[in-house]
Every structure is written in C-alpha cells, then in structure tokens.
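What follows is a set of notes on a single structure, which appears directly below.
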Amino acid sequence: MWIQQKSTPAPVDELQGRTVGLKFECNKCNTEVFTDLIGVPAADHLANSTEDDGQYETEEIKCPGCDMTHEITVKSNFDGVHFEVSEVKPESIAYQVKA
Numbered sequence: 001m002w003i004q005q006k007s008t009p010a011p012v013d014e015l016q017g018r019t020v021g022l023k024f025e026c027n028k029c030n031t032e033v034f035t036d037l038i039g040v041p042a043a044d045h046l047a048n049s050t051e052d053d054g055q056y057e058t059e060e061i062k063c064p065g066c067d068m069t070h071e072i073t074v075k076s077n078f079d080g081v082h083f084e085v086s087e088v089k090p091e092s093i094a095y096q097v098k099a
C-alpha cells in the first residue's frame, strides 16, 4: 500500500530500521519513478540536542523516461521521517514500507 507523504513527517517508530520504496512523478517528463528499497536510518539517540539528532541516507536515481538524475534523501530525527527528492514537488512523493 502506497502512503502519500504529508507535510508532517512520517512516524519514526514505524519506519526506523525498515526499508521503504519510494515513488514520485518526474518534474521534467511526468514519468512515475519507482526506487529500489532504501533503508530508513534511526534518529541519533546520543545527540546533544534536537538540532543534532538527524540522520540521513542519500541516493540517486535516473528517471527512465528522460534520464534526469534525481537525488533522494531520507531524513530521520525524533520528529519523524521525511523523504526529499531533488526537483520534485513534495506532494508527489509516496512511500511503501517493506519488512
């Protein structure tokens, strides 16, 4: 089941330590792009403040429709998990949790 990303972060306790697949619409050619599985990092429990608690994973994917390279960042902190894809509207990003 695909879950549309909202303006609030996804629950970190449901996603940390798991993998997710992302899908989004390429802003250049409007092709729907699907990623391989991406690991969701845990928040840094040894951080000195909430500003330092973020962990992130970054990957790149090439759009199969136009060969545009998109950078994907999965950010995880105590507030939750947020998915960013370069040059893509945040509301066009959805995720699917895998075991």
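Start counting the sequence shown at 1; every next residue gets the next number (the working numbering). Virtual Cβ for every residue (Gly too), placed ideally from N, Cα, C.
Nearest to residue i by CA position, among the options, is which residue?
i          : options        : result
residue 55 : 16, 43, 66, 63 : 43
residue 27 : 97, 92, 7      : 92
residue 88 : 95, 72, 77, 79 : 72
residue 76 : 4, 1, 3, 14    : 14
residue 97 : 8, 7, 35       : 35
residue 4  : 16, 23, 62     : 23
residue 90 : 21, 2, 6       : 6
Please state whether DSSP places residue i in a helix, a strand or coil.
i          : result
residue 76 : strand
residue 15 : helix
residue 84 : strand
Assuming residue i and residue j are in contact, meaning their beta carbons sit under 8 Å apart, how far apart are those beta carbons, in whole angstroms?
i          : j          : result
residue 18 : residue 33 : About 21 Å separates the two Cβ atoms, so there is no contact after all.
residue 10 : residue 80 : 5 Å
For residue i, does the count of other Cβ atoms within 10 angstroms reach 16, so buried, or fall short, so exposed?
i          : result
residue 30 : exposed
residue 78 : exposed
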